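There are 2 protein chains.
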Amino acid sequence: MAFKGQAENTVDSKGRIAIPAKMRNAMNPEAKQTVVLTRGFEKTVFVYPLDEWEEIEAQIAQLNRFQRDARNFSRQLLRWAEEQTLDSQGRVSLTKELMAFAGINTSEKALIIGNFDHLEIWNKDVFEQAMNEESGSYESLAESVMG
Amino acid sequence: MAFKGQAENTVDSKGRIAIPAKMRNAMNPEAKQTVVLTRGFEKTVFVYPLDEWEEIEAQIAQLNRFQRDARNFSRQLLRWAEEQTLDSQGRVSLTKELMAFAGINTSEKALIIGNFDHLEIWNKDVFEQAMNEESGSYESLAESVMG
DNA sequence: GGCGCAGTGGGGAATTGTGGGGATTTTTAG
DNA sequence: CTAAAAATCCCCACAATTCCCCACTGCGCC
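Those sequence lines, one after another, are chains A and G.
Residues in the first sequence are numbered consecutively from 9, following our numbering.
Residues in the second sequence are numbered consecutively from 9, following our numbering.
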């Protein structure tokens, strides 16, 4: 069951943010308690449930580590990755580094978007600006992908 | 069995609207309880029964998520998608966001149209205006699409 | 007329999101 | 090495929303 939908939840003064229930319930039961947070490829925080994360690690395992690009890529991806267990209210806590990277502040709302195999936590303004810059690609991709 | 026909049901004060029985019965029994609501390509709400929606997700699953355009596309498509189980009276509840997008208001009638693999929920005025603005007449559309 | 289904409305209960307190652990400073 | 300070973890509690069930009405069909 893929992640979908969006929500606006607040990051509290301790840097915690609740994963929306609908997304929590979409997680594989075996991974339900544990996620991996890391830098997104855009200015956002990616949240992978543990089982999906392990698939990414499996792909990294297949890279040729004698290639410079491959080493750089896995270094960047793994460097910021952080394993977390949800607390009893279904929250994760964001580190200062991840919040700074995504422009997320404590005691503000953040945008959580389900994107198939992972969640994305965005500063709302950053998200809208990023989407405006990408505007062209949606319609053309829609036709080519779904057409 | 394809969706067809139309109905005018009221959106109650809680944002709920009844799916007409004839359309409910046209759903695949395995999906009967569950639908996915999302933004339509026009200013309307699309309602996919779960089995139809899963075909869409299957296509998204084939995208390479390490490509920027693919991420953007699935993000935009999934962002507004909302899974719902019909209540015991056969209703779905529309979120504020979807109602705002389609111009639908609580405590008013809305137009439900069956369109083959999905349903469409329209504000009646918006629908008529949209149909007027479409350049081609019904007849000429028939020629260009089916001809 | 009686029966049953379809659409509408509302109320109570369970869940979700949010805030905060206190204990334990880690870090920092002396 | 010790003690103070800070950060982390884990639990509890409240409020608002959502969910789920029940009841009523009107229409059509037998």
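Backbone N, C-alpha and C define an ideal beta-carbon position, used for all residues, glycine too.
Just so it is clear, the structure is predicted and the values come from calculations on it, not from any experiment.
Just the C-alpha distance for residue i and residue j, rounded to the nearest angstrom, thanks.
| i | j | result |
| --- | --- | --- |
| A:Leu-45 | A:Tyr-56 | 6 Å |
| A:Asn-140 | A:Ile-120 | 18 Å |
| A:Pro-28 | A:Ala-15 | 7 Å |
| G:Leu-106 | A:Ala-78 | 43 Å |
| G:Glu-128 | A:Glu-63 | 37 Å |
| G:Ser-115 | G:Met-31 | 22 Å |
| G:Arg-76 | A:Ser-82 | 18 Å |
| G:Asp-20 | G:Ser-96 | 16 Å |
| G:Asn-36 | G:Leu-86 | 22 Å |
| G:Ala-34 | G:Gly-122 | 10 Å |
| G:Met-9 | A:Ala-138 | 41 Å |
| G:Arg-24 | G:Val-43 | 14 Å |
Quick one: residues in its chain with C-beta nearer than 6 Å to the C-beta of residue i, no 5 flanking neighbours on either side, listed in chain order?
| i | result |
| --- | --- |
| A:Asp-125 | Glu-60 |
| A:Phe-135 | Leu-119 |
| G:Trp-88 | Thr-46 and Arg-47 |
| A:Ala-26 | Asn-17, Gly-98 and Arg-99 |
| A:Glu-90 | Leu-45 |
So, are the CB atoms of residue i and residue j less than 9 Å apart?
| i | j | result |
| --- | --- | --- |
| G:Ala-118 | G:Lys-132 | yes |
| G:Phe-74 | A:Phe-49 | yes |
| A:Ser-41 | A:Thr-93 | Strictly speaking, residue 41 of chain A in this sequence is Gln, with Ser absent from that position. Taking 9 Å as the Cβ cut-off, A:Gln-41 and A:Thr-93 qualify as a contacting pair. |
| A:Ala-101 | A:Lys-22 | Correcting the residue type first, residue 101 of chain A is Ser in the shown sequence and not Ala. Contact: yes. |
Kindly list the residues whose CB is nearer than 7 Å to the CB of residue i, restricted to its own chain and excluding five residues on each side of it in sequence; keep chain order.
| i | result |
| --- | --- |
| A:Thr-52 | Ala-110, Glu-128, Ile-129 and Trp-130 |
| A:Glu-38 | Asp-59 |
* To do: Identify every run of the beta strand (DSSP E) within the stretch 87–151 of chain G, keeping only runs that are complete inside it and at least 3 residues long; order them along the chain.
  => 90–93, 99–101, 116–123 and 126–130
* To do: Please confirm if the stretch 62–71 of chain G is in contact with the stretch 107–123 of chain A, defined as three or more CB-CB distances below 8 Å between the two stretches.
  => no
* Asked: In chain order, which beta strand (DSSP E) runs of at least 3 residues are fully inside the stretch 52–90 of chain G?
  -> 53–57
* Length at least 3, wholly inside the stretch 13–54 of chain G: the beta strand (DSSP E) runs in chain order -> 14–19, 24–26 and 42–47
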